[in-house]
Amino acid sequence: GSFASLAGLDPSTQGYLLSDNPLLTTLPDGCTPLIGGSGCALFCPEICIRALKVSVPSSLTPSKTLLEINDTSTGRSISVGGEFDIKMMGSRPDQYKNTWYTLTGVYRVYLPTGGTYTAKFVTPAGEDLWPKFVEAKYEDTAPDGCEGVDLNIAFDDSSSPPQCQELIETGEDGEGWMHSGGGVYASEDGVLENRNRDSYANGLVHYLDVRCLDEGTAFNFTAKVQLFDEFGDFLNCDASDRKCPFFRLISSAGPEGTTTAYREFFGFTSWQVEGWNIVSATITISSQEAAKSKSMVYIYGSSHAWGLRVKDVLMVPV
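Residue 327, in my numbering, is where the sequence shown stops; the numbers in between run on with no holes.
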C-alpha cells in the first residue's frame with residue numbers, strides 16, 4: 010500500500026512523508042501519523058515542500074545565530090540553526106582559516122509552498138542581526154507535485170537598518186576583514202597586514218552591505234597602502250607594469266557567484282617606497298552592481314611583495 014493508506018487516507022492521495030521533527034512538521038497543514046507507526050514519521054497530504062539553502066558570511070555571523078521563519082498566514086514559526094565549519098588550531102579557532110573570504114554559514118530549511126513567510130536572523134543574545142549578505146537558492150529540482158512553484162519568503166531586516174554612512178571603517182581588531190590568502194593581521198592603531206603572500210590574488214577582502222548599494226549612489230573610497238618584505242623593509246613596485254596594488258569592487262549573484270560584475274576602481278600610477286601611498290576614488294553604483302546579492306571590496310596584486318599593509322580605509326557616501 011501507499012504511505013497515504015498507512016495514514017488512513019485514500020491510497021491515491023499525493024503528499025510527503027516527513028520525519029516527525031518540528032522543523033519539518035510545524036508549518037505544513039494536515040500531517041497525519043502513520044497507522045501503527047512508532048511516531049517517527051507523518052504523512053502530509055496535498056502539499057509541496059521546497060528545500061531552500063540560505064548562505065551568510067560565516068566570519069561575520071556568530072555561529073549560534075538562528076534563522077527564525079514565521080508563516081504570517083498561520084502564525085506558526087520555526088527556528089533553524091546553521092551549519093558553520095569552524096576551523097580549529099588545537100583548542101583555539103584558527104583565525105587564518107576562519108577569515109577565508111569564501112567561507113559561508115549555511116541554513117537548510119524545508120518549507121511548504123502556499124505560506125507567506127518572513128525570515129530574520131537572531132543572535133544568541135536575542136538581538137536581531139543582518140549579515141552583510143544573504144543568498145538563498147533551491148536545493149531541489151522539480152520536486153514532485155510542485156511544478157516549479159516558488160516560495161513566498163521575505164527576509165526581514167527592519168530591526169537592523171543598514172549603516173550606509175560608513176560602509177567600511179577599519180577598527181582596531183580588523184573586524185569585518187577577510188582574505189584571499191596571506192591572512193588578516195590587525196594592530197591596535199588600525200593597521201591591517203596581509204603577510205607571507207605568494208600570489209597576485211592574495212589580498213584583503215571586505216564585504217559591503219548590499220542594501221546601501223542602490224543604482225546611482227556614489228561613495229568616496231580612501232585608504233593608505235604600503236608594501237614590505239619578510240624583514241619589514243619597504244618595497245617598491247612598478248606602476249607602469251601593473252606591479253602595484255589594485256582595488257576592485259566585485260558584485261555577484263547566484264550559486265557560487267554564477268553572475269559576477271568586476272570593476273577595478275583604482276590603480277596606482279606612481280609609488281613612493283617609504284611612507285604611505287594614498288588611495289582616493291569615487292565609486293558610483295551601476296544598475297548591474299545594484300542588482301547583485303553580494304558585493305565586496307578586494308585589495309590585491311603585487312605578487313612580489315611578501316607583505317601588503319593598509320590603514321585608514323573608508324567608504325562613505327558622497
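Built from N, CA and C at the ideal position, the CB exists for glycine as well.
#1: Determine the extent of the beta strand (DSSP E) in which N286 is found, giving its start and end residues.
#2: Would you report the Cα separation of F230 and S260, rounded to the nearest angstrom?
#3: Only counting the same chain, and skipping five residues up and downstream in sequence, which positions put a Cβ closer than 7 Å to that of T81?
#4: Let me check understanding here. Comparing Cα to Cα, which of G24, C221, S311 lies closest to I56?
#5: Starting from the C-beta of R85, find all residues in its chain whose C-beta is less than 7 Å away, skip the five residues before and the five after it, and write them out in chain order.
#6: On a Cα-Cα basis, can you pick out the residue from G316, F274, R318, L258 that is closest to A299?
#7: Within 10 Å of its beta-carbon, does V327 have 16 or more other beta-carbons around it, so buried, or fewer, so exposed?
#8: By the DSSP assignment, the beta strand (DSSP E) with A50 in it spans what residues?
#9: Consult DSSP for V219 and reduce its assignment to one of helix, strand or coil.
#10: Along the beta strand (DSSP E) that carries Q235, what are the first and last residues, could you check?
#11: Between M305 and the rest of its own chain, which residues show a CB-CB distance below 6 Å, the 5 nearest in sequence each way excluded?
#12: Do the CB positions of Y338 and G135 come within less than 8 Å of each other?
#13: Pull up the distance between the alpha-carbon of I87 and that of R101, whole angstroms please.
#14: Does the beta-carbon distance from C253 to W285 come in below 8 Å?
#15: Rounded to whole angstroms, how far is the Cβ of E144 from the Cβ of K320, which I believe are closer than 8 Å?
#16: Any idea what DSSP makes of K96, helix, strand or coil?
#17: Between which residues of its own chain and N79 is the CB-CB distance below 8 Å, once the five residues before and five after are set aside?
#18: Quick one: what's D1 bridged to in DSSP?
#19: How big is the Cα-Cα spacing for D223 and K301?
#20: Kindly indicate which residue of T122, Q235, F164, S167 has the alpha-carbon position closest to the one of D38.
#21: Would you identify the three-state DSSP class for N107, choosing helix, strand or coil?
#22: Taking DSSP as the reference, what is the three-state secondary structure of L36?
#23: Can you name the residues that DSSP bridges to R117?
To lay it out plainly:
#1: Per DSSP, the continuous beta strand (DSSP E) segment holding N286 begins and ends at 286-293.
#2: Their backbone Cα atoms lie some 16 Å apart in a straight line.
#3: Excluding the 5 residues flanking it on each side, T81 has same chain C-beta neighbours closer than 7 Å at T125, T127, in chain order.
#4: Comparing Cα-Cα distances from I56 to each of G24, C221, S311, the minimum goes to G24.
#5: The answer, listed in chain order, is T35, L36.
#6: Proximity to A299 across G316, F274, R318, L258 peaks at L258, based on C-alpha coordinates.
#7: Exposed is the call here.
#8: It spans 50-54 - the beta strand (DSSP E) in which A50 sits, taken as one unbroken run.
#9: Residue state for V219 is assigned as helix, using DSSP reduced to three classes.
#10: Its beta strand (DSSP E) spans residues 227-237.
#11: Correct list, in chain order: V214, Y216, I259.
#12: Shown here, the chain extends from 10 to 327; a query on residue 338 therefore has no answer.
#13: Those two C-alpha atoms are separated by around 32 Å.
#14: No.
#15: Contact between E144 and K320 does not hold, since their C-beta atoms are separated by about 31 Å, which reaches or exceeds 8 Å.
#16: Note: K96 maps to coil in three-state DSSP.
#17: Same-chain partners within the cutoff: R85, S86, Y126, T127, A128.
#18: The structure shown does not extend to residue 1, since the chain spans only 10 to 327, so no value can be given for it.
#19: Using only the alpha carbons, I get a separation of about 10 Å.
#20: In terms of CA proximity to D38, T122 leads the group T122, Q235, F164, S167.
#21: Residue state, collapsed to three classes: helix.
#22: Assignment of L36 by DSSP, reduced to helix, strand and coil, places it in the coil class.
#23: BP columns for R117 point to K62.
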